[in-house]
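In the numbering used here, the protein residues as written are 2 to 616.
The structure appears right after this line, and notes come after that.
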Amino acid sequence: MCGICGFINFKTNLVRNERENLAVAHRMAEKLRHRGPDSWGEWVGEHAVFAHSRLAVIDVENGLQPMKRTVEGHEFVITYNGELYNTNDIRDDLKSHGYEFTTTSDTEVLLYAYIHYGEKCAEMLNGIYAFVIWDSMRQRIFACRDRFGVKPFFYTQKNDVTVFASELKSLFEYPDVSAVLDKTGLCELFALSPARTQGVGVFKDVRELRPARYMIINRHGMTIKKYWSLVSGEHKDSYEETIEKVRSLVYDSVKRQLISDVPIATFLSGGLDSSIITAIGAMEMKKKGERISTYSFDYEDNNKYFKASHFQPDSDTKWVPRMVEAFNTNHTYLVCPNNVLTELLEEALLAKDLPGMADVDASLLYFCREVKKNHTVVLSGECSDEIFGGYPWFREKKAFETHGFPWCYDLSIRNNILLDSVRETLDIDNYSRMRYEESIAEVPIFDGDNDEEKRRREISYLNINWFMTNLLDRKDRMSMASGLEVRVPFCDHRIAEYMYSVPWEMKEYKGMEKGLLRHAVEGLLPDEIRLRKKSPYPKTHNPQYTSIVSGMLKEITDNSDAPIFDLVDRNALTGLLNDEFTQPWYGQLMTGPQTMAYMIQLNYWLEKYRVKISL
Numbered sequence: 002m003c004g005i006c007g008f009i010n011f012k013t014n015l016v017r018n019e020r021e022n023l024a025v026a027h028r029m030a031e032k033l034r035h036r037g038p039d040s041w042g043e044w045v046g047e048h049a050v051f052a053h054s055r056l057a058v059i060d061v062e063n064g065l066q067p068m069k070r071t072v073e074g075h076e077f078v079i080t081y082n083g084e085l086y087n088t089n090d091i092r093d094d095l096k097s098h099g100y101e102f103t104t105t106s107d108t109e110v111l112l113y114a115y116i117h118y119g120e121k122c123a124e125m126l127n128g129i130y131a132f133v134i135w136d137s138m139r140q141r142i143f144a145c146r147d148r149f150g151v152k153p154f155f156y157t158q159k160n161d162v163t164v165f166a167s168e169l170k171s172l173f174e175y176p177d178v179s180a181v182l183d184k185t186g187l188c189e190l191f192a193l194s195p196a197r198t199q200g201v202g203v204f205k206d207v208r209e210l211r212p213a214r215y216m217i218i219n220r221h222g223m224t225i226k227k228y229w230s231l232v233s234g235e236h237k238d239s240y241e242e243t244i245e246k247v248r249s250l251v252y253d254s255v256k257r258q259l260i261s262d263v264p265i266a267t268f269l270s271g272g273l274d275s276s277i278i279t280a281i282g283a284m285e286m287k288k289k290g291e292r293i294s295t296y297s298f299d300y301e302d303n304n305k306y307f308k309a310s311h312f313q314p315d316s317d318t319k320w321v322p323r324m325v326e327a328f329n330t331n332h333t334y335l336v337c338p339n340n341v342l343t344e345l346l347e348e349a350l351l352a353k354d355l356p357g358m359a360d361v362d363a364s365l366l367y368f369c370r371e372v373k374k375n376h377t378v379v380l381s382g383e384c385s386d387e388i389f390g391g392y393p394w395f396r397e398k399k400a401f402e403t404h405g406f407p408w409c410y411d412l413s414i415r416n417n418i419l420l421d422s423v424r425e426t427l428d429i430d431n432y433s434r435m436r437y438e439e440s441i442a443e444v445p446i447f448d449g450d451n452d453e454e455k456r457r458r459e460i461s462y463l464n465i466n467w468f469m470t471n472l473l474d475r476k477d478r479m480s481m482a483s484g485l486e487v488r489v490p491f492c493d494h495r496i497a498e499y500m501y502s503v504p505w506e507m508k509e510y511k512g513m514e515k516g517l518l519r520h521a522v523e524g525l526l527p528d529e530i531r532l533r534k535k536s537p538y539p540k541t542h543n544p545q546y547t548s549i550v551s552g553m554l555k556e557i558t559d560n561s562d563a564p565i566f567d568l569v570d571r572n573a574l575t576g577l578l579n580d581e582f583t584q585p586w587y588g589q590l591m592t593g594p595q596t597m598a599y600m601i602q603l604n605y606w607l608e609k610y611r612v613k614i615s616l
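Shown next as structure tokens:
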């Protein structure tokens, strides 16, 4: 994994001011050093400047970037962030066409794949990636992002220049690119955040290359095309055939993602998804005479204060040891102290460049830093719930009846916190409804679906394109801020493609949450683990955390000059201290203390990024 950045200008020769342009690229790349602490490189061409910070995972010695190759007198240059999981397949194909390789890195494979296939290479890739290629033969820039947006890619246009970067903070190092919030950005923050509309960079004039898209820039302008989509159709496989197909796809995805030239581990919660990945990983490493390393996470004194809920029925404490024993893993138990959790709220915000999921982000940042001390690559269980139907809103009547995002039904807390003038200007209810309707209009529907199946397919699509995207973004930012690469085997487009057309009665076999997946891994896991009810990433239940964030928020409410009060009503913010808001800000985990932490992050963000409001 890495950080990429640069700028493109077809109206001028960038080599003529090479020193100045290199200095700009250097400043941009410096903001991404956490993503790639092992090495960095820069390149200046006639119409493009690239910079790259590298986290070395495959071919540590030879995979340096930006990477250049010359074919038939034409120069091709790539800056790339990601991992390909079908590198060997593509390399073998290219070898059959006469290409010779001087490294074992996936970077070289990706570059030659583009040289040979052009933009059609995007359809061949299995992995997580965002990359930019200078193509001297066609005199163009080709940029591409993976199907689910695991790896970030932001850009903005200033006059004749297109500026791009893995993270927003890097864009702001380019001259005259500044942190300005217009109405759209404010609506994103107050109607949707910590989720974000695909393609929207929150800041004014900042865009995101949407997942499953590629971008071509030449002297005539910019073109963006979608190269992959979920397709809905009739599922013709029997249930037994479906089980076998799911088992094969999951096993293959995990096995492919175990390839690394540096130490590898798994996150292990003792839940179904992380346990599947750990079990397969343990078996594959045992073949090589090795033990897999695993990590579990919790908060200080969390068991003492844990309160079961519909969304979080039990803690992970009793389940992790059973997996460790069953698969003889080299396990590390990590516990985040409450004072560290609050101290990292600001650093978590800086990692994401936007207010996020509060203590859930901060804790993940802490855990990733601890894991990085011994490992560079970990596998994680994200995306299974979105694809196999694990969340409560796949079943709840309210999700079927509400015309809106199922993880954020009620915007009352968001409206109540705003100044009257801001509330009237933004109309966040209408904005949320607009974004919801845009998404629903994109849903691939099968004509043979009844109304119930159609709605479940809509909920599935919303989850994949909104909830999952947000969790993947969170995982990327917190892990890469630690110089740690996190891979997500369930986020394999082959699994998503297949499962999207599987009917709900199969997904929820015999009325069991994720029954199909549980049935598919029968014999792989101990039954008590395989049948364990879903429990999400843990949040802290310790009242000490609430006390600390309450104190931090009180300091803000006592400061009349705090930038948040340009947007938020002070009395309403004080109401949070008195626990007057009972609705979660987002999902099921961001309740009272987490909402307070979100406001702390928001205030710090407005101050730190010197955000200007433009309505």
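All C-beta atoms, glycine included, are put in the ideal place defined by N, C-alpha and C.
- Task: With residue 533 as the anchor, note down where its beta strand (DSSP E) starts and where it stops.
- Result: Counting along the chain, residue 533 falls outside any beta strand (DSSP E), and DSSP gives it neither H nor E.
- Task: Only counting runs of 3 or more residues, tell me where the beta strand (DSSP E) segments fall wholly within the region 412–496, in order along the chain.
- Result: 486–488
- Item | As assigned by DSSP and simplified to three states, the class of residue 146 | Annotated three-state conformation of residue 146 is strand, per DSSP.
- Query: According to DSSP, what are the bridge partners of residue 219?
  - Reply: 222
- Item | residue 297 in three-state terms, based on DSSP | strand
- If you draw a straight line from the alpha carbon of residue 613 to that of residue 452, how long is it in whole angstroms? 46 Å
- Query: How would you call residue 382, buried or exposed, if buried means at least 16 neighbouring beta carbons within 10 angstroms?
  - Reply: buried
- Query: For residue 372 versus residue 482, is the C-beta spacing smaller than 8 Å?
  - Reply: no
- In the structure shown, what three-state DSSP assignment does residue 251 receive? helix
- Would you give the residue range spanned by the beta strand (DSSP E) that residue 129 belongs to? Residues 128–136.
- Item | Exposure label - residue 121; buried when at least 16 CB within 10 Å | exposed
- Query: Going by the beta-carbon positions, is the gap between residue 161 and residue 12 smaller than 8 Å?
  - Reply: The answer is yes: Cβ separation under 8 Å.
- Task: Classify residue 140 as helix, strand or coil using the three-state DSSP reduction.
- Result: coil
- Query: Should residue 615 go down as buried or exposed, given a rule of 16 or more other Cβ atoms within 10 Å for buried?
  - Reply: exposed
- Message: If contacts are defined as beta-carbon pairs under 8 Å, then residue 610 and residue 166 qualify, I think. What distance do you get, rounded to the angstrom?
- Response: Not a contact, Cβ separation roughly 15 Å.
- Query: Are the C-beta atoms of residue 498 and some chain B residue less than 8 Å apart?
  - Reply: Included in the structure is just one protein chain, with no chain B present.
- Item | Segment limits, alpha helix (DSSP H) that includes residue 557 | Following the DSSP letters along the chain, one finds residue 557 inside the alpha helix (DSSP H) bounded by residues 544–558.
- Message: Taking contact to mean 3 or more Cβ pairs, one atom from each stretch, closer than 8 Å, check whether the region 601–609 and the region 544–564 are in contact.
- Response: Judged by Cβ distances under 8 Å, the region 601–609 makes contact with the region 544–564, as three or more pairs qualify.
- Query: Helix or strand or just coil, what does DSSP make of residue 389?
  - Reply: In the structure shown, residue 389 sits in a helix (DSSP, three-state: H, G or I).
- Query: Quick one: Cα of residue 294 to Cα of residue 524, how far?
  - Reply: 22 Å
- Query: Apart from the five residues on each side of it in sequence, which residues of its chain come closer than 6 Å, Cβ to Cβ, to residue 518?
  - Reply: 389
- Task: Output the residue ranges of the beta strand (DSSP E) runs that lie fully inside the region 96–126 and measure 3 residues or longer, sorted by chain position.
- Result: Fully enclosed beta strand (DSSP E) runs of 3 or longer: not present.
- Query: Where does residue 17 land, buried or exposed, given buried means 16+ other C-beta within 10 angstroms?
  - Reply: exposed
- Query: Quick one: what's got a C-beta closer than 6 Å to residue 320's C-beta in the same chain, skipping five residues either side?
  - Reply: 271
- Task: Scan the region 162–246 and note each continuous beta strand (DSSP E) run of 3 residues or more that stays entirely inside, going in chain order.
- Result: If we require 3 residues or more, the beta strand (DSSP E) runs fully inside the region 162–246 come out as 162–166, 207–209, 214–219 and 222–227.
- Beta-carbon proximity check, residue 66 vs residue 53, cutoff 8 Å: yes
- Query: Cα separation between residue 399 and residue 226?
  - Reply: 36 Å
- Query: Considering residue 69, what are the terminal residues of the beta strand (DSSP E) in which it resides?
  - Reply: Looking at the DSSP string, the run of the beta strand (DSSP E) that includes residue 69 is 68–72.
- Rank 489, 484, 488 and 441 by C-alpha distance to the C-alpha of residue 467 and give the top, closest one. Minimum Cα distance to residue 467 is reached at 441.
- Item | Chain-order list of residues whose beta-carbon lies under 7 Å from that of residue 10 (same chain, five-residue window excluded) | Result list for residue 10: 48, 161 and 162, in chain order.
- Give every residue of the same chain whose Cβ lies closer than 6 Å to the Cβ of residue 368, excluding the five residues on either side of it in the sequence, and list them in chain order. 298 and 335
- Report the rounded CA-to-CA distance for residue 208 versus residue 423, giving the unit in angstroms. 24 Å
- Query: Run through DSSP, which three-state label would residue 377 get?
  - Reply: coil
- CB contact flag (residue 79, residue 125, <8 Å): no
- Three-state secondary structure (DSSP) at residue 369? Residue 369 falls in the helix class under three-state DSSP.
- In this structure, does DSSP put residue 605 in helix, strand or coil? Judged by DSSP in its simplified three-state form, residue 605 adopts helix.
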